[in-house]
Structure formats: structure tokens, C-alpha cells
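Chemist: Numbering (this note's numbering), first residue to last: 1 to 180. Even glycine gets a Cβ: it sits at the ideal position worked out from N, Cα and C.
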Amino acid sequence: MRNQTKKLVQAALLAALTAVGAFIRFPLGAMSFTLQDMFTVMAGVLLGWKWGAASQAAYVVLGLVGLPVFTQGGGLSYVFQPSFGFLLGLIPAAALTGALAGERGEPRRVIPACVAGLAVLYLVGVPYMGMILNLYMGRGLSVWTIVKTGLLIYLPGDALKVAVVAVVSPALCRRLKVQA
1 MRNQTKKLVQ AALLAALTAV GAFIRFPLGA MSFTLQDMFT VMAGVLLGWK
51 WGAASQAAYV VLGLVGLPVF TQGGGLSYVF QPSFGFLLGL IPAAALTGAL
101 AGERGEPRRV IPACVAGLAV LYLVGVPYMG MILNLYMGRG LSVWTIVKTG
151 LLIYLPGDAL KVAVVAVVSP ALCRRLKVQA
């Protein structure tokens, strides 16, 4: 029971950090460069697949019920924002990262786990963004434009975020005594 409580508190902390990461943003194209995805993959690394995904699901649910935790607020109408697919992608991204990272936060496992998690994030987010921009908003953007503005522009920043997670995760895992 004690371990469950500890994991619940840690999941809540990572959900809160993801919310804070939404407000550390730099405008870039159709969306903003934020730290949400860094805290998402960190949740997977530190908490494992189940609790990492739970932390991100809690974050998304809190935003959907109206708490202003997303970059542009919150509420159910957020599902019509082009960036909402990326929010949905946070959940499987944390799960896959946690499933692949191992329990010690070793960079040789964390780096590919984070890359795989971010790939899932983009696999969910980019098509959703294209659907909202083209079908709902009627923009008529090409697939190349959507990929360029929803993926390629963010890859250098994502590489930096993965590096940060890889550097800090061994110490954090030891400190938190993470168990798979």
C-alpha cells in the first residue's frame, strides 16, 4: 500500500510538472515549443509505463474538465485545437517510454526509449493536427506542410530535451529508488 501511495504522489507530481511545462513555451509555427513532452518522457522513465501513462492521463483529464493547464487554457472545446492530438499522444508516449527505459535510468536505454515515446507522440499528434487544420478549420494544407510545421521544426528541441532527460534520469532514479 505504501508503494502505491508513493507512486500516486509521484504521478501527481509529474502531471503537475507537465502542466508547468505547458507554460514554459516559445512560439514556433502553428504551435509552441514547450517542455510538456520532456516531462512526459521523464514520467515514463521515472514511474514506469503504467504510472507514467497515468500521470499524463490525469494531466489531460484535468485540462479537459476545465482547469487551464494546457498552453491555451483548458476545457472540452480544446479537442478542436490543432495541438490536442499531441496532448492525447502524451499518454502512450509516457507508456512506451516507461516500458523501454528500464528501472535505473541508464542513458543507453533512456535515449532510445525517449525517442520511441516522442515518435508515438508525433504519430498521434501530427495526423490529428492535420485533420483539425484541414477538415475542421478548412485550411487545405499539404501533408508536407503539416509534417514540416508539426514535426520537423520541433526535432532539434526534442533532441535537447532527450539529452536533458538522459543526463538527469540516473540520479533521479537512484534518488526515487524507482522499481519496475
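Output the distance between the C-alpha atoms of residue 56 and residue 139, rounded to the nearest integer angstrom.
Modeler: In this structure, the straight-line span from the alpha carbon of residue 56 to that of residue 139 is close to 30 Å.
Chemist: Which residues does DSSP pair with residue 109 in a beta bridge?
Modeler: DSSP lists no partner for residue 109.
Chemist: Under 7 Å Cβ to Cβ from residue 39, same chain only, skipping five residues before and after it: list those, please.
Modeler: 14, 17, 18 and 21
Chemist: Residue 133 to residue 2, Cα distance in whole Å?
Modeler: So the two alpha carbons sit approximately 46 Å from each other.
Chemist: Taking the alpha carbon of residue 12 as the reference point, which residue from 51, 45, 77 and 37 has its own alpha carbon closest?
Modeler: 51
Chemist: Run through the DSSP bridge pairs and tell me what residue 34 is partnered with.
Modeler: 25
Chemist: Whole angstroms is fine: what's the gap from residue 157's alpha carbon to residue 6's?
Modeler: Taking the straight line joining both Cα atoms gives about 31 Å.
Chemist: Spatial neighbours of residue 112 within its chain, please: CB distance less than 8 Å, with the 5 preceding and 5 following residues excluded, ordered by chain position.
Modeler: 100
Chemist: For the pair the segment 120-134 and the segment 79-90, tell me if three or more CB-CB distances fall below 8 Å.
Modeler: yes
Chemist: In whole angstroms, what is the alpha-carbon distance linking residue 169 and residue 159?
Modeler: 15 Å
Chemist: Pick from 155, 177, 127 and 174: whose alpha carbon is nearest that of residue 35?
Modeler: 155
Chemist: From the DSSP output, which residues share a beta bridge with residue 89?
Modeler: DSSP, once it has assigned bridges, lists no residue as partnering residue 89.
Chemist: Locate the alpha helix (DSSP H) running through residue 164, then write down its first and last residues.
Modeler: DSSP places residue 164 inside the alpha helix (DSSP H), whose first and last residues are 155-176.
Chemist: Are residue 23 and residue 33 touching if we call contact CB-CB under 7 Å?
Modeler: no
Chemist: With which residues is residue 70 paired in a DSSP beta bridge?
Modeler: 73
Chemist: Would residue 93 pass as a contact of residue 121 if the rule is Cβ separation under 7 Å?
Modeler: yes
Chemist: Take residue 195 and list the residues in its own chain whose beta-carbon comes closer than 8 Å to its own, dropping the five residues that flank it on each side.
Modeler: Only positions 1 to 180 of the chain appear in this structure, which leaves residue 195 out of reach.
Chemist: Below 8 Å CB to CB, which residues in the same chain sit around residue 62 once its five sequence neighbours on both sides are set aside?
Modeler: 15, 19, 69 and 74
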